[in-house]
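Down below is the structure, laid out as structure tokens.
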Amino acid sequence: MSIKQEDSGSLQPEMTSKLSASTLPPPEKPSAIQTRSKVVAAFWAVILFLGFPIWWKTTSIYRAELPIQEMLDWAGGKSCRPVFPLEIRFETPSLPDVEAQQLLRITQHTLDDLNEFTAHHLRLKLAEDEAEQTTQKADTALTVRLQAQGDLTGPRSELRTDTTMLDIFYPPSQIPPPSSPNSPLASFIAAELQHLFSEEKAIMSHILSNNAIGNYAVSTPNSLAHQISPQLAESITKRLRRSMKYAETYHLAFSLFTPGPAPSSWDIESAVQGYISPIVQALSPISNFTVDTQVQLYATFSPTTPVPEYDETQGVWTLKEENLSAFINAAEWPLNPSIGSGPTINFILYVPAPSQSPLLVQESKATSWIIPQWGGVFILNPPLSTTDGSAQSNPPHLPRDALRAPFLTFSHQLLSLLGTPSTPPSLPFRLQTLIRIRAATVLLSASSTMGSLARLTESLPSIPIPATVASSVATTLSHLSSSCESLQNGQFQAALASARVAEAEAERSFFEKSMVGQMYFPDEHKVAVYLPLLGPIGVPLVLGLLKEVKRVVTGWKARRQGVVS
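Spelled out as structure tokens, the structure:
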């Protein structure tokens, strides 16, 4: 029994070793190891040298090179500081050249002493000197014609309303002698010029001082601020708030609204040609205009609009000023929306019902008002006609004579909505001022857009920058330089033309569709796209690579220990 126990105990370890040896896989052949290593290496070679380059090429974002620093310099006011050298042309037919030059020199010196805003200054030139100038001829802001009159005791001035001509009438005794350092006539002329350009200077100062773009934000000198009256400052602020933003094209929409069946027609073509077309033609260097018209019958007030009240003392119907903002029934009146790329300026001619005529504004007794940044309204109260003995009705047709007052008002409202200064009375003079104002605002706007685009491309490196954007930026910078150079040379129409092109190209580059589409594509979306695709493929490849690296490291350590021993 004991012998059997010893035999069974000695056989058990031997059986266990044989059983474990039979369950282990056979040792891997060197050829199989080499084959597996080659397979892993082949997969990784395809991924690194073929798959990754193809993926990089097909998914990379093209970013054209932009002159970022130059764009930021324009936005910061380092490339150009707007200046407005206005050339005043003097005609002195009755003065010798020596006396004319002396008077001009004293007047220029007086103007320089009065001017506290260096960005806007007047340059006086004789007509004879201007005739000799062949290149870089500046725009003439004003022509001053000196005329001697023996019956005058002091000088007087007269600005023509249809031209940019200022007539100065003076007694011959006030011509300064060659050795005189001052002259009452020169002081009078300088004061008149300062008065004519005071509103323009205040507007330019307001635009530059309120432009928060780096060095463009120049502060208004205290002396200049004291020269601007509170009434003028308030008027400028009010006008800039209600004026439309500059656009290359405006759409003018003239609408006739009446709550009844009449009037159903009007001489709109004749009225537009007579009262609006001359203004539009004069504004053509600044913007383009299109005109649309419509007639809407049975156009009632909104149910929420307070009804007009009858004033028994004056026998008129009145609207309160506080209710004028709700006068337009935008929900039911078919007003023209913005067409294309330009804004629409609406002009409403409203003919009230005979039962509510005449209709006036209660506080001011006016029949027209401006809706800021939208358009204007005119209430026309035509003479009523009696048809059947008792009932009164509006005329079925509005002739051109009846439209004269409304369309003259619309022309003034149009100028106000476009930001035209209110003084002086000469319309050509005010339009020249508007050209200079628009040149400044458009130049600053295009420069600001360039800075915004530069900061956008730097803050979002994942958005594409197509070649068209780079081309638009180059065009913008080129025209900005041309506009700035034209401003410095006093060529304001050329400056505005270049600034308009720069503004259009800047807007086109900033709102490029391909850029906007990628602007809000976060990295989390990329992870959500790639992880389900690369996860099942990447895990086996990474594990196989790690296994091969571990095998190579283990073999290297074993060989090193063998060499040491």
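Residue numbers (the UniProt record's numbering): 1 to 565.
From the three backbone atoms N, C-alpha and C, an ideal C-beta is built for every residue, glycine too.
All figures in this text were calculated on a predicted structure; none of them were measured in a lab.
For residue j and residue i, believed in contact at Cβ under 8 angstroms, the rounded distance
{"i": "Ala-190", "j": "Leu-111", "result": "5 angstroms"}
{"i": "Ala-446", "j": "Ala-64", "result": "No, Ala-446 and Ala-64 are not in contact; Cβ-Cβ is about 19 angstroms, not under 8 angstroms."}
{"i": "Gly-260", "j": "Ala-353", "result": "5 angstroms"}
{"i": "Phe-117", "j": "Lys-201", "result": "6 angstroms"}
{"i": "Ile-286", "j": "Leu-496", "result": "7 angstroms"}
{"i": "residue 638", "j": "Val-144", "result": "Nothing in the structure corresponds to residue 638, since the chain is present only between 1 and 565."}
{"i": "Pro-172", "j": "Thr-153", "result": "Contact flag wrong, Cβ pair sits at about 12 angstroms."}
{"i": "Phe-327", "j": "Thr-305", "result": "7 angstroms"}
{"i": "Thr-420", "j": "Glu-199", "result": "The Cβ separation is near 11 angstroms, so there is no contact."}
{"i": "Glu-507", "j": "Thr-449", "result": "7 angstroms"}
Residue i versus residue j - alpha carbon distance
{"i": "Asp-292", "j": "Pro-303", "result": "28 angstroms"}
{"i": "Leu-415", "j": "Ser-462", "result": "45 angstroms"}
{"i": "Pro-425", "j": "Asn-182", "result": "30 angstroms"}
{"i": "Phe-52", "j": "Thr-475", "result": "37 angstroms"}
{"i": "residue 575", "j": "Ser-486", "result": "The chain is shown from 1 up to 565; residue 575 falls before or after that span and cannot be answered."}
{"i": "Phe-492", "j": "Ile-435", "result": "7 angstroms"}
{"i": "Ile-99", "j": "Pro-178", "result": "The identity of residue 99 in the sequence shown is Glu, whereas the question assumes Ile. Rounded to the nearest angstrom, the two C-alpha atoms are 7 angstroms apart."}
{"i": "Leu-50", "j": "Gly-555", "result": "31 angstroms"}
{"i": "Gln-294", "j": "Asn-346", "result": "11 angstroms"}
{"i": "Gln-281", "j": "Leu-252", "result": "14 angstroms"}
{"i": "Pro-263", "j": "Pro-382", "result": "10 angstroms"}
{"i": "Ala-127", "j": "Leu-95", "result": "12 angstroms"}
{"i": "Thr-249", "j": "Ser-277", "result": "15 angstroms"}
Closest by C-alpha distance to residue i, when choosing among the options
{"i": "Leu-193", "options": "Pro-540, Ala-141, Arg-81", "result": "Ala-141"}
{"i": "Pro-399", "options": "Thr-237, Ser-265, Ala-439", "result": "Ser-265"}
{"i": "Leu-335", "options": "Leu-496, Trp-374, Trp-56, Val-529", "result": "Trp-374"}
{"i": "Gln-329", "options": "Glu-312, Pro-343, Ala-299", "result": "It is Asn, not Gln, that sits at residue 329 in the sequence shown. It is Ala-299 whose Cα lies nearest to the Cα of Asn-329."}
{"i": "Arg-105", "options": "Pro-406, Leu-185, Asp-139", "result": "Leu-185"}
{"i": "residue 573", "options": "Val-39, Glu-70, Ser-483", "result": "Within the shown structure, residues of the chain are numbered from 1 to 565, placing residue 573 beyond reach of any answer."}
{"i": "Phe-429", "options": "Leu-126, Lys-78, Leu-166, Gly-154", "result": "Leu-166"}
{"i": "Arg-160", "options": "Leu-196, Arg-560, Ser-325, Val-549", "result": "Leu-196"}
{"i": "Leu-480", "options": "Gly-490, Ser-498, Glu-312", "result": "Ser-498"}
{"i": "Ser-393", "options": "Ser-355, Lys-29, Leu-208", "result": "Ser-355"}
{"i": "Leu-359", "options": "Pro-372, Glu-321, Val-46, Ile-371", "result": "Glu-321"}
{"i": "Leu-240", "options": "Gln-281, Pro-230, Ile-207", "result": "Ile-207"}
{"i": "Ser-209", "options": "Ala-440, Pro-421, Ala-391, Tyr-250", "result": "Ala-440"}
{"i": "Gly-77", "options": "Cys-484, Glu-332, Pro-27", "result": "Cys-484"}
{"i": "Ser-509", "options": "Ser-471, Gly-154, Leu-252, Gly-315", "result": "Ser-471"}
{"i": "Leu-103", "options": "Ser-187, Phe-169, Ala-32", "result": "Ser-187"}
{"i": "Pro-372", "options": "Pro-396, Leu-417, Arg-404", "result": "Leu-417"}
{"i": "Ser-357", "options": "His-397, Asn-323, Gln-314", "result": "Gln-314"}
{"i": "Cys-80", "options": "Leu-477, Leu-545, Ala-247", "result": "Leu-477"}
{"i": "Ala-494", "options": "Asp-311, Ala-138, Arg-36", "result": "Ala-138"}
{"i": "Gln-101", "options": "Lys-125, Asn-115, Gln-488, His-120", "result": "Lys-125"}
{"i": "Thr-367", "options": "Ser-385, Pro-396, Ala-391, Leu-319", "result": "Leu-319"}
{"i": "Tyr-275", "options": "Gln-296, Thr-409, Gly-376, Met-204", "result": "Thr-409"}
Residue burial classification, residue i (beta-carbon count within 10 angstroms, cutoff 16)
{"i": "Pro-540", "result": "exposed"}
{"i": "Asn-288", "result": "exposed"}
{"i": "Tyr-350", "result": "buried"}
{"i": "Asp-151", "result": "exposed"}
{"i": "Asp-162", "result": "exposed"}
{"i": "Ala-212", "result": "Summary for Ala-212: the model assigns pLDDT 49, below 50, so the residue's position carries little reliability; its value from the coordinates is reported in the next sentence. Flag for Ala-212 reads exposed."}
{"i": "Arg-89", "result": "buried"}
{"i": "Val-307", "result": "exposed"}
{"i": "Val-46", "result": "exposed"}
{"i": "Glu-158", "result": "exposed"}
{"i": "Leu-460", "result": "exposed"}
{"i": "Tyr-246", "result": "buried"}
{"i": "Thr-457", "result": "buried"}
Per-residue DSSP class, three states only, for residue i
{"i": "Glu-87", "result": "strand"}
{"i": "Asp-112", "result": "helix"}
{"i": "Thr-386", "result": "strand"}
{"i": "Lys-4", "result": "In this prediction, Lys-4 scores a pLDDT of 49, lower than 50, which makes its location untrustworthy; the coordinate-derived value is nonetheless stated afterwards. Correct three-state label for Lys-4: helix."}
{"i": "Ser-393", "result": "strand"}
{"i": "Thr-258", "result": "coil"}
{"i": "Trp-333", "result": "coil"}
{"i": "residue 572", "result": "Residue 572 lies beyond the residue range present for the chain, which begins at 1 and ends at 565; the question has no answer from this structure."}
{"i": "Val-361", "result": "strand"}
{"i": "Val-552", "result": "helix"}
{"i": "Ser-265", "result": "strand"}
{"i": "Gln-38", "result": "The amino acid occupying residue 38 in the given sequence is Lys; Gln does not appear at that position. In this structure, Lys-38 counts as helix in the three-state DSSP scheme."}
{"i": "Ile-68", "result": "helix"}
{"i": "Tyr-310", "result": "strand"}
{"i": "Tyr-530", "result": "helix"}
{"i": "residue 566", "result": "Any property of residue 566 remains undetermined from this structure, which presents the chain solely from 1 to 565."}
{"i": "Ile-175", "result": "coil"}
{"i": "Leu-208", "result": "helix"}
{"i": "Lys-245", "result": "coil"}
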